[in-house]
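Q: Residue numbers (our numbering): 241 to 420.
From the three backbone atoms N, C-alpha and C, an ideal C-beta is built for every residue, glycine too.
Could you have a look at this structure, given as structure tokens, before my questions?
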């Protein structure tokens with residue numbers, strides 16, 4: 241008699257639900273692996289005191305080699321916790337990795353990387369090339385596959401955002417209904 245193995249996800253009752261549950265589980269594992277990789281690389285290049293979110297903020301500020309506001313950083317990282325981002329910005333500034341620039345004629349500030357921040361992000365990029373990117377060369381048709389995956393994840397991000405808004409509305413309605 242041949243044994244049959246299967247996954248019994250409580251989140252999945254049909255093939256579509258099973259596939260999306262598998263994808264969500266894969267995204268969680270990929271995120272955790274990414275966080276571990278970044279922490280490991282940061283140890284090597286001298287950024288070990290940074291939390292993962294601070295590492296991401298530093299690289300976002302460096303993107304396109306132009307200054308970014310706190311709101312722009314939040315938007316690019318799809319975050320809505322601006323006070324936490326501002327705390328991270330102060331920490332990055334006090335560490336000497338970024339500098340605060342006041343916009344002329346406004347109360348607004350932008351942030352750019354310092355020479356120290358530039359060197360450390362360059363060192364990380366080089367290590368990433370040597371260790372991570374090199375591994376990707378072994379994956380058949382990688383460029384097309386990663387582009388498709390990126391497009392799918394962007395689409396799913398929008399759907400998750402819409403569902404988050406919808407569920408927030410439903411939660412409010414359910415809470416007020418219980419109180420009556």
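#1: Count the C-beta pairs between the region 257-276 and the region 341-349 that are closer than 8 angstroms, then say yes if the count reaches three, no if not.
#2: Can you find at least 3 beta carbon pairs, one from the region 370-378 and one from the region 390-403, that sit closer than 8 angstroms?
#3: Under the rule that 16 or more other beta-carbon atoms within 10 Å means buried, what is residue 256, buried or exposed?
#4: Does the region 376-387 come into contact with the region 303-311, if we say contact requires no fewer than three beta-carbon pairs (one atom in each stretch) closer than 8 angstroms?
#5: If contact is defined by three or more beta carbon pairs under 8 angstroms, each pair taking one atom from either stretch, is the region 288-305 in contact with the region 313-322?
#6: I need the DSSP call for residue 350, collapsed to helix, strand or coil.
#7: Taking its Cβ as the centre, do 16 or more other Cβ atoms sit within 10 Å of residue 361, making it buried, or is it exposed?
#8: By how many angstroms is the C-alpha of residue 325 removed from the C-alpha of residue 397?
#9: Nearest by alpha-carbon distance to residue 354: which of 262, 267, 404, 336 is it?
#10: Strictly by DSSP, which residues pair up with residue 342?
#11: Give me, in chain order, the residues of the same chain whose beta-carbon lies closer than 8 angstroms to that of residue 368; leave out the 5 immediate sequence neighbours on both sides.
#12: Tell me the DSSP bridge mates of residue 309?
#13: Does the distance from the CB of residue 334 to the CB of residue 301 come in under 8 angstroms?
#14: How far does the alpha helix (DSSP H) with residue 364 in it reach, from first residue to last?
#15: Would you tell me roughly how many angstroms separate the C-alpha atoms of residue 400 and residue 321, rounded to the nearest one?
#16: Exposed or buried, what is residue 364 when buried is set at 16 or more other beta-carbons lying within 10 Å of its beta-carbon?
#17: What three-state label does DSSP hand residue 336 in the structure shown?
A: On the basis of the data shown:
#1: no
#2: no
#3: If you number the chain shown from 1, residue 256 lands on position 16. Looking at its Cβ environment, which holds fewer than 16 other Cβ atoms inside 10 Å, residue 256 is exposed.
#4: no
#5: yes
#6: Within the chain shown, the letter at position 110 stands for residue 350. Strand at residue 350.
#7: Along the chain shown, one-based indexing puts residue 361 at 121. The residue is buried, with at least 16 neighbouring Cβ atoms inside 10 Å.
#8: To locate residue 397, count along the chain shown from 1; it is residue 157. To locate residue 325, count along the chain shown from 1; it is residue 85. If you take the alpha carbons of residue 397 and residue 325, they lie about 20 angstroms apart.
#9: Sequence index remark: in the chain shown, residue 354 carries index 114 (1-based). When only C-alpha atoms are compared, the closest one is 336.
#10: Against the chain shown, residue 342 aligns to sequence position 102. DSSP lists 349 as partners of residue 342.
#11: As a first step, residue 368 is located in the chain shown; it is residue number 128 there, counting from the start. Closer than 8 angstroms at the Cβ level, and outside the excluded window around residue 368, lie 281.
#12: Looking up residue 309 in the chain shown gives position 69. 350, per the DSSP bridge assignment.
#13: Your numbering for residue 334 matches position 94 in the chain shown. Your numbering for residue 301 matches position 61 in the chain shown. Not closer than 8 angstroms, so no.
#14: As a working mapping, residue 364 is identified with position 124 in the chain shown. Looking at the DSSP string, the run of the alpha helix (DSSP H) that includes residue 364 is 355-368.
#15: The sequence position of residue 400 within the chain shown is 160, counting from 1. The sequence position of residue 321 within the chain shown is 81, counting from 1. Roughly 17 angstroms separates the two Cα atoms.
#16: For the purposes of this step, residue 364 is identified with residue 124 of the chain shown, where counting begins at 1. That one is buried.
#17: As a first step, residue 336 is located in the chain shown; it is residue number 96 there, counting from the start. Coil, per DSSP.
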